[in-house]
Amino acid sequence: MIVMKNIYKSFENESEIFHALEDVSLKIQEGEMILIQGESGSGKSTLLSILGLLMKPTSGSVEIKGENIVSFSDIHTSDYRKNEIGFITQNFHLFEELTVKDNLLAPLVLHPLSPYEIEKKIENALTIANIHHKKEQVVSSLSRGEKQRCIIARALVNNPKILICDEPTANLDVKNSLLFIETLKKLKKNGRTIILATHDTIFENLTFIDQKISLKEGKID
Amino acid sequence: MLNKLNFLLILLLTYKKKHLSIFLLSSLLISIVSSVVFISSSIKHDIFHTLESQADFTIQKYKAGKVLNTPTKWIDEFLQIDGITNVQGRIYGTHFYEPAEEYFTIIGIDLFDTQVVSSLNKLIDDINTTQFLSRQNMIIGSDVKKFLDEYHYFDYYNFRPPDRSIEKVFIYDTLNKHSNIVSGDTILMDISLARKILGVEDGYVTDIILTTPNPQEIDTVKIKLRISHFDMRLIQKEEIKKYYQNLYNYKGGIFLVLYIIVILSFLLILYQRYSIISNSDAKEVAILRQLGWQIKEVIWFKILENIFVILSAYILGVSLAYFYVYFLNAPILKNIFLGYSNLDIQTIFSPAISFTELFLIFIFFTVPFIATITIPVWRLSTKEPSEIIK
Numbered sequence: 010m011i012v013m014k015n016i017y018k019s020f021e022n023e024s025e026i027f028h029a030l031e032d033v034s035l036k037i038q039e040g041e042m043i044l045i046q047g048e049s050g051s052g053k054s055t056l057l058s059i060l061g062l063l064m065k066p067t068s069g070s071v072e073i074k075g076e077n078i079v080s081f082s083d084i085h086t087s088d089y090r091k092n093e094i095g096f097i098t099q100n101f102h103l104f105e106e107l108t109v110k111d112n113l114l115a116p117l118v119l120h121p122l123s124p125y126e127i128e129k130k131i132e133n134a135l136t137i138a139n140i141h142h143k144k145e146q147v148v149s150s151l152s153r154g155e156k157q158r159c160i161i162a163r164a165l166v167n168n169p170k171i172l173i174c175d176e177p178t179a180n181l182d183v184k185n186s187l188l189f190i191e192t193l194k195k196l197k198k199n200g201r202t203i204i205l206a207t208h209d210t211i212f213e214n215l216t217f218i219d220q221k222i223s224l225k226e227g228k229i230d
Numbered sequence: 005m006l007n008k009l010n011f012l013l014i015l016l017l018t019y020k021k022k023h024l025s026i027f028l029l030s031s032l033l034i035s036i037v038s039s040v041v042f043i044s045s046s047i048k049h050d051i052f053h054t055l056e057s058q059a060d061f062t063i064q065k066y067k068a069g070k071v072l073n074t075p076t077k078w079i080d081e082f083l084q085i086d087g088i089t090n091v092q093g094r095i096y097g098t099h100f101y102e103p104a105e106e107y108f109t110i111i112g113i114d115l116f117d118t119q120v121v122s123s124l125n126k127l128i129d130d131i132n133t134t135q136f137l138s139r140q141n142m143i144i145g146s147d148v149k150k151f152l153d154e155y156h157y158f159d160y161y162n163f164r165p166p167d168r169s170i171e172k173v174f175i176y177d178t179l180n181k182h183s184n185i186v187s188g189d190t191i192l193m194d195i196s197l198a199r200k201i202l203g204v205e206d207g208y209v210t211d212i213i214l215t216t217p218n219p220q221e222i223d224t225v226k227i228k229l230r231i232s233h234f235d236m237r238l239i240q241k242e243e244i245k246k247y248y249q250n251l252y253n254y255k256g257g258i259f260l261v262l263y264i265i266v267i268l269s270f271l272l273i274l275y276q277r278y279s280i281i282s283n284s285d286a287k288e289v290a291i292l293r294q295l296g297w298q299i300k301e302v303i304w305f306k307i308l309e310n311i312f313v314i315l316s317a318y319i320l321g322v323s324l325a326y327f328y329v330y331f332l333n334a335p336i337l338k339n340i341f342l343g344y345s346n347l348d349i350q351t352i353f354s355p356a357i358s359f360t361e362l363f364l365i366f367i368f369f370t371v372p373f374i375a376t377i378t379i380p381v382w383r384l385s386t387k388e389p390s391e392i393i394k
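Protein chains in written order, with our numbering: chain A, 10 to 230; chain B, 5 to 394.
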């Protein structure tokens, strides 16, 4: 279970302080799918960054399995990201000149795995993400939908418990967006906790969403 | 670790263009400084090897700041001093070769001296004393041969001594080109013939050499020699060694100073290049951090990546320098080091590698290089991952 209590996050520049999140509290049960909605600039990505341990809040606590991860050192937060979290982002954070298969290698090399185990994990993730047929292709030559599937495969390759999706369909057409929703449905069925932030209306009426949160100017609406 | 290395190799091979310019520039810089080290080591090795077989002291008559021919009676006087052996008079001098406007060094050798013959056998394959002395013969250095051949003196050459006579001297053999750097402009001939050609009167020699077998006696012998005659110049082998050592250290030092300036400029350019981390580099760090790579893992990965680049550049640079110095005989740099004293240098450098200096080049190049590239990456990696991703 993930518990966020009284999260504040503010950014300072020379002349002003910008409050990205103000007093945000929320609970996410294991295996739940949570939809975070809101306009651009409402604080969705900041909230996901804190949940994904990519950013520390200015104040408040984030407890995962009873441990407050805010005070974790870089070693612990990195380990947590490595073992527990998979990221699916709108901007394709991929090594564009590497093949799909080699992109999936990046998270796996941190684990003490044999070449056979690595190969098996990659094959499995590529099959789930339905991109196996492109595994030897260079990422830069893929379509947007294929790149998104490559990102999904990489997020799944370590078999993480939590999936964090930031505007996953922002660069996809309707057909590919629907395919992505199907994949999410399967992942939810497999017991993964999914935290999804979007302002895409295509997600609004999905039946497998357990919790919906709407953010407005950094506050839960 | 093996998995990380595998991934590193994949990245290096895929993004090879990114490293190419730095790799080539580093190779060039390393090859220049390695060439200087190779040349300097080779010259020092050859000169010291030659000096090793030389006498401990060389004595010349010296008056009013001028070197005069030395009386042979001094030889007997020196033989009386305890601790001195093998006292010999030498005849040598320069000959101006008018057709090419070059100077050759004539050295008179006593072929009845077994030590001289044994030294000579190291320079040419074999010498038959009887045959050599049967007529006026000479053994010439490779540079001398080149200039004589140019003017069709294939078999003999006519010398014009100061008494205006003509001395026809036949070419007996050529000194081995690989022997050492001091033999290129040399002509070896019988001592009496050399005396005639150089116009050294009977009862005089150009200088006297002598040996002190016991190194502990050298200082005492030096004092005894100094007080024996006040009109003489005493040259000690150790002084010559020091002179050459200083000379080539000085020449090598100038290069090293220039090299350091070039390296610093190179590192400055590198730092400027890497302090504004390119989008692709920042993206790479961002991806790795997001995927759970720790700060230290990212930094080590980047260090390793650059070690691969610099190590390859180092191996290529040193190999190029080896080829340039020992196969191509170091055109341009050779002349700067050896100068144009008597002849254009035809020397072939014999491989003498100073591993300590090569190791120092490696350290002095790699450490600042790695630091220059790693510091900006470290600064980037220590930011919050979300900030890098932006």
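We treat Cβ as the ideally placed atom computed from N, Cα and C, and that holds for glycine.
Query: Any C-beta of chain A under 7 Å from that of B/GLU361; Result: no
Query: Nearest-angstrom Cα separation, counted from B/ILE110 out to B/LEU347; Result: Note that B/LEU347 scores 45 on pLDDT, short of 50, meaning its location in the model is unreliable; the coordinates nonetheless yield the value given after this. So the two alpha carbons sit approximately 14 Å from each other.
Query: Beta-carbon proximity list for B/LEU324, same chain, < 6 Å, skipping 5 on both sides; Result: SER35
Query: Cut-off 7 Å between Cβ atoms - residues of its own chain near B/LEU384, not counting five sequence neighbours on either side; Result: ILE281, ALA286, VAL289, ILE392
Query: Cα-Cα separation, B/ILE63 to B/GLU56; Result: 18 Å
Query: Close beta carbons around A/ALA138, own chain, < 8 Å, minus the five adjacent residues each side; Result: ARG158, CYS159, ILE161, ALA162, LEU165, THR192
Query: 8 Å Cβ cut-off: residues of chain B touching A/VAL118; Result: ASN7, LYS8, ASN10, PHE11
Query: A/TYR89 in three-state terms, based on DSSP; Result: helix
Query: Nearest-angstrom Cα separation, counted from B/LYS22 out to B/ILE4; Result: Given a span of 5 to 394 for chain B in the structure shown, any question on residue 4 of chain B remains unanswerable.
Query: Contact list for the segment 296-314 of chain B against chain A, Cβ threshold 9 Å; Result: GLY296, TRP297, GLN298, ILE299, LYS300, GLU301
Query: Through-space distance from B/LEU268 to B/PRO217, alpha-carbon basis; Result: 50 Å
Query: The segment 117-137 of chain A / the segment 207-221 of chain A touching (three or more Cβ pairs under 8 Å); Result: no
Query: Pick from B/ASN7, B/GLY97, B/ILE303 that is closest to B/THR378, judged by C-alpha positions; Result: B/ILE303
Query: Short Cβ contact (7 Å threshold) for B/LYS200 with B/ILE85; Result: no
Query: Close Cβ partners of A/GLU106 (< 7 Å) along its chain, the five nearest in sequence each way excluded; Result: VAL147, SER149
Query: Contacts of A/MET13 in chain B (Cβ-Cβ under 7 Å); Result: Those do not exist, as A/MET13 stays about 16 Å from chain B at its closest Cβ, beyond 7 Å.
Query: Residues that DSSP places opposite A/MET42 in a beta bridge; Result: A/ILE203
Query: Proximity of A/ILE173 and A/GLY61 at Cβ, strictly below 7 Å; Result: yes
Query: B/ASP395 burial status per 10 Å Cβ neighbour count (16 or more: buried); Result: Past the edges of chain B, shown from 5 to 394, lies residue 395 of chain B, and the structure says nothing about it.
Query: Buried or exposed by the 16-neighbour rule on C-beta atoms within 10 Å, applied to A/ARG90; Result: buried
Query: Contacts of A/GLU106 in chain B (Cβ-Cβ under 7 Å); Result: THR18, TYR19
Query: Contact set for A/PHE27: own chain, Cβ-Cβ below 7 Å, skip 5 residues either direction; Result: SER19, PHE20
Query: Inter-residue CB distance, B/GLY87 and B/VAL225 (contact presumed, cutoff 8 Å); Result: 5 Å
Query: Chain A contact for B/PRO389 (CB, 7 Å cutoff); Result: yes
Query: Length at least 3, wholly inside the segment 130-185 of chain B: the beta strand (DSSP E) runs in chain order; Result: 141-144, 160-163, 171-178
Query: Residue span of the beta strand (DSSP E) that contains A/ASN15, given as start and end; Result: 11-21
Query: Chain-ordered neighbours of A/SER58 on chain B, where CB pairs are closer than 7 Å; Result: SER390
Query: Closest Cα partner of B/GLU361 within the set B/ILE299, B/VAL37, B/LYS67, B/LEU24; Result: B/VAL37
Query: Cβ shell of B/THR370 (< 6 Å), same chain only, five flanking positions each side left out; Result: ILE314
Query: Validate contact between the segment 47-64 of chain A and the segment 220-228 of chain A using beta carbons, cut 8 Å, 3 pairs; Result: yes
Query: Three-pair Cβ contact test at 8 Å for the segment 29-46 of chain A versus the segment 193-203 of chain A; Result: yes
Query: For B/SER169 and B/ILE222, the rounded distance between their alpha carbons; Result: 44 Å
Query: Selection from B/ILE291, B/LYS338, B/PHE359 that minimises the alpha carbon distance to B/VAL322; Result: B/PHE359
Query: Contacts of B/LEU292 in chain A (Cβ-Cβ under 8 Å); Result: ALA115
Query: Strand pairing of A/SER70, partner residues [DSSP]; Result: A/LYS14
Query: For A/SER242, the nearest candidate out of A/GLU23, A/ILE78, A/PRO177 (CA to CA); Result: Shown here, chain A extends from 10 to 230; a query on residue 242 of chain A therefore has no answer.
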